[in-house]
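Beneath this line is the structure, given in structure tokens, with notes to follow.
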Amino acid sequence: MELNKEQIREIIAKRVAKELHEGDYVTLGIGLPTEVANYIPPSMHIMIQSENGVVGVGAKPSPDNIDPKITNAGGIPVTTKKGAAFFDSMTSFTMIRGGHIDATVLGALQVDQEGNIANWMVPGVLVPGMGGAMDLVVGAKKVIVAMEHMSKNNIKILKKCTLPLTAAHEVDLIITERCVLRVTEKGLLLEEINPLFSLEDITSTVEADLIIPPHLQTIAA
Amino acid sequence: MELNKEQIREIIAKRVAKELHEGDYVTLGIGLPTEVANYIPPSMHIMIQSENGVVGVGAKPSPDNIDPKITNAGGIPVTTKKGAAFFDSMTSFTMIRGGHIDATVLGALQVDQEGNIANWMVPGVLVPGMGGAMDLVVGAKKVIVAMEHMSKNNIKILKKCTLPLTAAHEVDLIITERCVLRVTEKGLLLEEINPLFSLEDITSTVEADLIIPPHLQTIAA
Amino acid sequence: MKKIISAADAGKLIKNGASIMIGGFLKCGTPTRIIEELLAAGTHDLTLIANDTSYPDSDRGRLISEKRIKKAIVAHIGTNPETGKQFHNGEIEVELVPMGTLVERIRAGGAGLGGVLTPTGIGTVVEKGKQSLEINGKKYLLEMPLKADIALIYATRADRFGNAYLEGSTRNFNTVMATAAQTVIVETDELVDECLDPNMVTIPGVFIDYIVA
Amino acid sequence: MKKIISAADAGKLIKNGASIMIGGFLKCGTPTRIIEELLAAGTHDLTLIANDTSYPDSDRGRLISEKRIKKAIVAHIGTNPETGKQFHNGEIEVELVPMGTLVERIRAGGAGLGGVLTPTGIGTVVEKGKQSLEINGKKYLLEMPLKADIALIYATRADRFGNAYLEGSTRNFNTVMATAAQTVIVETDELVDECLDPNMVTIPGVFIDYIVA
Numbered sequence: 000m001e002l003n004k005e006q007i008r009e010i011i012a013k014r015v016a017k018e019l020h021e022g023d024y025v026t027l028g029i030g031l032p033t034e035v036a037n038y039i040p041p042s043m044h045i046m047i048q049s050e051n052g053v054v055g056v057g058a059k060p061s062p063d064n065i066d067p068k069i070t071n072a073g074g075i076p077v078t079t080k081k082g083a084a085f086f087d088s089m090t091s092f093t094m095i096r097g098g099h100i101d102a103t104v105l106g107a108l109q110v111d112q113e114g115n116i117a118n119w120m121v122p123g124v125l126v127p128g129m130g131g132a133m134d135l136v137v138g139a140k141k142v143i144v145a146m147e148h149m150s151k152n153n154i155k156i157l158k159k160c161t162l163p164l165t166a167a168h169e170v171d172l173i174i175t176e177r178c179v180l181r182v183t184e185k186g187l188l189l190e191e192i193n194p195l196f197s198l199e200d201i202t203s204t205v206e207a208d209l210i211i212p213p214h215l216q217t218i219a220a
Numbered sequence: 000m001e002l003n004k005e006q007i008r009e010i011i012a013k014r015v016a017k018e019l020h021e022g023d024y025v026t027l028g029i030g031l032p033t034e035v036a037n038y039i040p041p042s043m044h045i046m047i048q049s050e051n052g053v054v055g056v057g058a059k060p061s062p063d064n065i066d067p068k069i070t071n072a073g074g075i076p077v078t079t080k081k082g083a084a085f086f087d088s089m090t091s092f093t094m095i096r097g098g099h100i101d102a103t104v105l106g107a108l109q110v111d112q113e114g115n116i117a118n119w120m121v122p123g124v125l126v127p128g129m130g131g132a133m134d135l136v137v138g139a140k141k142v143i144v145a146m147e148h149m150s151k152n153n154i155k156i157l158k159k160c161t162l163p164l165t166a167a168h169e170v171d172l173i174i175t176e177r178c179v180l181r182v183t184e185k186g187l188l189l190e191e192i193n194p195l196f197s198l199e200d201i202t203s204t205v206e207a208d209l210i211i212p213p214h215l216q217t218i219a220a
Numbered sequence: 000m001k002k003i004i005s006a007a008d009a010g011k012l013i014k015n016g017a018s019i020m021i022g023g024f025l026k027c028g029t030p031t032r033i034i035e036e037l038l039a040a041g042t043h044d045l046t047l048i049a050n051d052t053s054y055p056d057s058d059r060g061r062l063i064s065e066k067r068i069k070k071a072i073v074a075h076i077g078t079n080p081e082t083g084k085q086f087h088n089g090e091i092e093v094e095l096v097p098m099g100t101l102v103e104r105i106r107a108g109g110a111g112l113g114g115v116l117t118p119t120g121i122g123t124v125v126e127k128g129k130q131s132l133e134i135n136g137k138k139y140l141l142e143m144p145l146k147a148d149i150a151l152i153y154a155t156r157a158d159r160f161g162n163a164y165l166e167g168s169t170r171n172f173n174t175v176m177a178t179a180a181q182t183v184i185v186e187t188d189e190l191v192d193e194c195l196d197p198n199m200v201t202i203p204g205v206f207i208d209y210i211v212a
Numbered sequence: 000m001k002k003i004i005s006a007a008d009a010g011k012l013i014k015n016g017a018s019i020m021i022g023g024f025l026k027c028g029t030p031t032r033i034i035e036e037l038l039a040a041g042t043h044d045l046t047l048i049a050n051d052t053s054y055p056d057s058d059r060g061r062l063i064s065e066k067r068i069k070k071a072i073v074a075h076i077g078t079n080p081e082t083g084k085q086f087h088n089g090e091i092e093v094e095l096v097p098m099g100t101l102v103e104r105i106r107a108g109g110a111g112l113g114g115v116l117t118p119t120g121i122g123t124v125v126e127k128g129k130q131s132l133e134i135n136g137k138k139y140l141l142e143m144p145l146k147a148d149i150a151l152i153y154a155t156r157a158d159r160f161g162n163a164y165l166e167g168s169t170r171n172f173n174t175v176m177a178t179a180a181q182t183v184i185v186e187t188d189e190l191v192d193e194c195l196d197p198n199m200v201t202i203p204g205v206f207i208d209y210i211v212a
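Protein chains in written order, with numbering that gives the first Met the number 0: chain A, 0 to 220; chain B, 0 to 220; chain C, 0 to 212; chain D, 0 to 212.
Quick look at the structure:
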């Protein structure tokens, strides 16, 4: 099954959105995770926290409504929703590291069956810096990795990450366009599978130990 | 020479006021130190910090102008001066412990030639708690002890404090109604003497090693 | 949207034996109505974490006078002779903590930090039984984080999202305590119909669980 | 009253080889005018402490592009490829610090604390060469305080007493940096004639030395 980038991102972002609950405070990473916001039902009240100092991030401003003093962590101007608040980086990381954020959604270069995640550098190639990711992964109550299942033809869901870690033993859930995997003490539990893919499409593209339940659930859409 | 309590407090508070400089941020302890504020010349701009979360403490409010939401560290309603700011206890002790307060003026039960100070408890008798005093003494750039020279007939300026310390090696200056003593590595330097007292009145009431300069300065008034 | 409850219901959320943080510096910025209901509910064996034990006949001071407190972790008890008396009689345990250390210990609890390294208390009885570390040639005490089951905090104004604005010198310990308890209840003088201006929020609603209006 | 100086004079206060903290998260809340003057003054061999190195052609990012920075202590360099390039070429030293750790290290410097005990970075390369402590069964890294010679911070409005109000998401690192440098210069969009409302002060003037209006 070949999906284009856009379809992949939509499948993942839609599925991640289902992990969020009424009243949750959520921090979304840059890139794909940011798109999760587009699939939160308008009736559901979710507060998006941005590590640069906003809780209650709203929609993109219209061109004539841009305030350079209100941005998200990507430096992009945003608006605020009802109930928003501004604060400094110290308070932001008190929220993040102190366990006050219900869930964080982050991309990853690699993730493994121990719940380790690598998403901040490829030695000698890409060293953007960890930004707030290390604190987010350590501190958020629930850590959701939202990523494309493979990177070109490289396997990303491993027995043990080979890239420098962002944090150890912190990932709870891995959501790709092919499946939903839960990190358990015995390996990755295949909770859901996208019916567009076969079980073989999963097992052949995951190096980690997989726990495959007798009755496979279809990915929630 | 017999002075009454009021005279004693006035001599001390007046002399302490001379230690403050234009633009200083100062935290005054409860009791006698608070009276220092009365002797700051109106032309001199000094900002008084109160550890409960005010910088720029002003005069006592008139009875019809009391706001219970604006108090000093003694719980007494105060007003604020021009340029005042409110903040929380965390910020307050960032100021205090972080070295951002130019001077603190505190009372003491005992003080010694090593710059140790005891002002928070008498075991078995009085245990009010240290409040913010330990942080103030450790953090303020200059620590001024303002106290009556003796407690009834007991000597308070010792070789070594016998009461539980508030902090070790932090006192810079001791100001009593009889004299001004500077803590130096070699003992207490008698910087000024109140002409109402003789040298003998000092030496007989101070246990600490005293350095007496050849020409005694009169207390600045 | 946060749950809006009565002071009486807030009082009932606090169980016998619970650890509670109560904001306020003496009377200023103290959530008095919830304390009234806590007194009325008869709750006892509490561990109190606060700046002070107030006055014998005021707010958390009455929790002392009426013997509801098993242990007090505070910076100052001088304004409440009842605390000193019960302490000397062995009726209550009192842990006196330097004020700056107390606020940092609560902050560490709320911010997920492992402890506080402070110069305050070095060379004093506060050092007793504690680890100290030498860092860059200077000695620091390692002080432990503090958390509580419940925090009762004050706000001058709050909105339904739990955002709180605190006026004057009422902020004191309220801001850090909001971050350091399992359940955080804010008692507000005024519940606004509209939202607070996001620039005017002293305590973001993310830290708040219940509002007593 | 604080000294009000020009951006050019502020730029000149920064000497070759100085350590400087610069507030802002990318462009937001960054004191750009002083940076312009710092560039114009030709100052070099600086140690930069900031959230990020911005963009190659913006504010502190230009300090990188124009090779004024000897060492950068930052959480993120991804938006400025020039930093990565100079880093790989060995032209610049880069110390990457998790953002939450960076803000706490600066705070520790400003608050007189001996260090930070954080769980962030445990099990990663961030641990390398650092002491860790086990506290209540959990491992924490000991991270060192950060201070600087100069801090350049942004304000939306300031008064002549140095009190500053920061709007929107401009607060970011500005608040802690104001506490952690020998000399603190605030660049304000607006200098008010009257004083700020003491309830609206984001950064109290006690932390400020100079105002660039």
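Where a beta carbon is used, it is the ideal one built from N, C-alpha and C, also for glycine.
In chain order, P203 and V205 make up the part of chain C whose C-beta sits under 7 Å from the C-beta of V54/A. At a C-beta separation below 8 Å, E166/C has these neighbours in chain B: K68 and F85. Nearest CB-CB separation between T123/D and chain B: not below the 8 Å threshold. The DSSP-derived three-state label of S49/A is strand. For a cut-off of 8 Å, the C-beta gap from S197/B to F172/C is around 49 Å, too long to register as a contact. The C-beta of V126/B comes closer than 8 Å to at least one C-beta of chain C.
Nearest in C-alpha terms to E9/A, of all of N37/A, N152/A, P41/A and G74/A, is N37/A.
Taking 9 Å as the Cβ-Cβ cut-off, the region 54 to 68 of chain D approaches chain A at Y54, given in chain order.
The region 118 to 132 of chain A makes no contact with the region 172 to 191 of chain A, as fewer than three CB pairs between them are under 8 Å. Look at P197/C here: in three-state DSSP terms it is helix.
Per DSSP, I7/A is one residue of the alpha helix (DSSP H) stretching across K4 to A16.
Leaving aside the five residues that flank D23/A on each side, the residues in its chain whose CB is nearer than 8 Å to its CB run, in chain order, I45, M46, D101 and A102. Residues of chain D with a Cβ closer than 8 Å to the Cβ of N152/A do not exist, since the nearest Cβ in that chain sits about 25 Å away.
With 16 or more neighbouring CB atoms inside 10 Å of its own CB, K155/A falls in the buried class.
Of all residues in the region 90 to 104 of chain B, those with a C-beta nearer than 9 Å to a C-beta of chain C are T90, S91, F92, T93, I95 and R96, reading in chain order.
Taken atom to atom, the span from the alpha-carbon of A179/D to that of T119/D is near 22 Å. Within chain A, V126 have C-beta atoms less than 7 Å from the C-beta of G83/D, given in sequence order. The beta-bridge partner set that DSSP reports for I121/D is empty.
Apart from the 5 residues on each side of it in sequence, P76/A sits with its Cβ closer than 6 Å to the Cβ of P60, I65 and T70 in its chain, given in chain order. Listed in chain order, the positions of the region 33 to 67 of chain B with a beta carbon within less than 9 Å of a beta carbon of chain C are S49, E50, N51, G52, V53, D66 and P67. Inside the region 23 to 67 of chain D, DSSP marks whole beta strand (DSSP E) runs of 3 or more residues at positions 45 to 48, from first to last along the chain. Going by DSSP, T26/B is part of no alpha helix (DSSP H) but of the beta strand (DSSP E) stretching over Y24 to L27. Collapsing the DSSP output to three states places S168/C in a helix. No Cβ-Cβ contact shorter than 8 Å links V96/C with I68/C. Contact of A12/B with chain C is not assigned, every C-beta pair being separated by 8 Å or more. Three or more beta-carbon pairs drawn from the region 79 to 99 of chain B and the region 48 to 57 of chain B are found closer than 8 Å, and the two stretches are therefore classed as touching.
Scanning its chain for C-beta atoms nearer than 8 Å, with the 5 sequence neighbours on each side dropped, one finds around T204/B the residues H148, M149, I154, I156 and R177, in chain order. T117/C has a beta carbon lying within less than 8 Å of a beta carbon in chain D. Under DSSP, F85/A shares a beta bridge with V53/A. CA-CA distance, T90/A to L105/A, rounds to 21 Å. Per DSSP, the beta bridge partners of Y153/C are E186/C. Y153/D places its beta carbon less than 8 Å from that of T169/D. Between P212/B and L189/B, the C-beta gap is smaller than 8 Å, which places the two residues in contact. Sorting I184/D, L165/D, M176/D and T31/D by C-alpha distance to the C-alpha of F86/A places L165/D at the top. Pairing D56/D with T31/D gives a Cβ-Cβ distance that is not under 8 Å. Think of a sphere of 8 Å around the beta carbon of K81/A: the chain C residues whose beta carbon falls inside it are F160 and C194, in chain order.
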